[in-house]
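A.B. asks: Be aware that the sequence shown starts at 346, since it is given in the numbering used here, and climbs by one per residue.
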Amino acid sequence: MLFGNKNNLSLILVLLIIVLATLGLSRNSSLPRQLWQNFFRFMVGQETKLSTAQLNELKTEHYTVKFSERDSDYVHLVADTAETAYDLVSREMNWQTGQKTTIIIYPDSQSLAKSFGWDKDDKAMGVYWGGTIRILSPREWLKQPYDQEEFLKNGPMVHEFVHLMVDEKTRGNYNRWWTEGVAQYVEKKLTGFEFKTSAAGQPDSMYTLEELAKNFDRLNQQAAYWESLKAVEYIAEKYGEESIYVIMDYLGKGYTMEKACEMATGTDFKNFAYQCYQYMEKQ
Numbered sequence: 346m347l348f349g350n351k352n353n354l355s356l357i358l359v360l361l362i363i364v365l366a367t368l369g370l371s372r373n374s375s376l377p378r379q380l381w382q383n384f385f386r387f388m389v390g391q392e393t394k395l396s397t398a399q400l401n402e403l404k405t406e407h408y409t410v411k412f413s414e415r416d417s418d419y420v421h422l423v424a425d426t427a428e429t430a431y432d433l434v435s436r437e438m439n440w441q442t443g444q445k446t447t448i449i450i451y452p453d454s455q456s457l458a459k460s461f462g463w464d465k466d467d468k469a470m471g472v473y474w475g476g477t478i479r480i481l482s483p484r485e486w487l488k489q490p491y492d493q494e495e496f497l498k499n500g501p502m503v504h505e506f507v508h509l510m511v512d513e514k515t516r517g518n519y520n521r522w523w524t525e526g527v528a529q530y531v532e533k534k535l536t537g538f539e540f541k542t543s544a545a546g547q548p549d550s551m552y553t554l555e556e557l558a559k560n561f562d563r564l565n566q567q568a569a570y571w572e573s574l575k576a577v578e579y580i581a582e583k584y585g586e587e588s589i590y591v592i593m594d595y596l597g598k599g600y601t602m603e604k605a606c607e608m609a610t611g612t613d614f615k616n617f618a619y620q621c622y623q624y625m626e627k628q
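(1) Measuring only the C-alpha atoms, how far is Leu487 from Leu481?
(2) For the alpha helix (DSSP H) that Thr397 lies in, which residues bound it at each end?
(3) Within its chain, find whatever has a CB closer than 8 angstroms to the CB of Glu638; leave out the 5 residues flanking it on each side and keep chain order.
(4) On the three-pair Cβ rule with 8 angstroms, is the stretch 501 to 516 touching the stretch 471 to 480?
(5) Here's the rule: buried if 16 or more other CB atoms are within 10 angstroms of the residue's CB, otherwise exposed. What is Pro490?
(6) Identify whether Gly471 lies in helix, strand or coil by the three-state DSSP scheme.
(7) My guess is that Ser483 and Val527 are in contact by the Cβ rule of under 8 angstroms, so how many angstroms apart are they, rounded?
(8) With 16 other CB atoms within 10 Å as the buried threshold, where does Glu494 fall?
(9) Would you report the Cα separation of Arg563 and Val410, rounded to the nearest angstrom?
(10) Return the chain-ordered list of same chain residues with a C-beta closer than 6 angstroms to the C-beta of Glu505, the five sequence neighbours on each side being excluded.
(11) Does the stretch 577 to 586 come into contact with the stretch 521 to 535, if we say contact requires no fewer than three beta-carbon pairs (one atom in each stretch) closer than 8 angstroms?
(12) Is Glu572 buried or exposed, if buried means 16 or more other CB atoms sit within 10 Å of its CB?
(13) Mind checking Thr553: buried by the 16 CB within 10 Å criterion, or exposed?
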């Protein structure tokens, strides 16, 4: 048993001390935040190694792709598309990740949901979590088998890789509406893909940026995703696309989302939010 072993118990105590010390120091410094992000990624990486030890592996220049025998016919499609996404996103964001990324291919929606403890009926094509990208096998949804063009445009590789890049550039200092907005913005620009929604331009059903930041997963997802995209598009149109990356630079230095927006746009956050929603109402 785990707690019956003194060595295991000592290890757990040491890890807890590291976590508490990191959290205690992270209030005003970006370095402890980076240490926390590295620690979190390390722990997710260890869990991933244990839970996927039985899977096959394919290594590419920038990825380690893990897959079951059931998806052996699709692993090269995933790997090649992932490398294409790496090149496109890295060039667009003028940033390269400093380490090889693990991609896990799940054979069906149930196994993907189970890996996160979600309800088995939850549907997702891909998820970024702690430095790893987990995707639903393209075998499950591609209209034409092995169609790389469709997989690149309608699949999760670009979107999830942008999430990873946002995580790295900000050192983990971001909220959900920001990373979802940036991921959709870059994905739309590179592939033309945009989530279909009926939430466009409906003032009565709009959430504030504060609500998006605090309760993203509890809100109407179509509306939350649409507003996140439009907020980032507003920044690009009003203040220039470079402002998106300036905001991420400030986030990476430990500033709050509100302060990062103010410093990048030159306006106070309340006015920024007001103008942002004026923009959304016209969409």
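Every residue, glycine too, gets a C-beta built ideally from N, C-alpha and C.
C.D. replies: With the given structure in hand:
(1) 11 angstroms
(2) From DSSP, Thr397 is part of no alpha helix (DSSP H); its letter is neither H nor E.
(3) With the chain covering 346 to 628 only, the question about residue 638 has no answer from this structure.
(4) yes
(5) exposed
(6) The three-state secondary structure of Gly471, taken from DSSP, is strand.
(7) Looking at the sequence shown, residue 483 is not Ser but Pro. The pair is not a contact, with the Cβ atoms about 24 angstroms apart (cut-off 8 angstroms).
(8) exposed
(9) Rounded to the nearest angstrom, the two C-alpha atoms are 32 angstroms apart.
(10) For Glu505, the CB contacts under 6 angstroms within the same chain, skipping 5 residues up- and downstream, are Gly471, Tyr473, Ile478 in chain order.
(11) As far as the Cβ criterion goes, the stretch 577 to 586 touches the stretch 521 to 535, which means the pair count is three or higher.
(12) buried
(13) exposed
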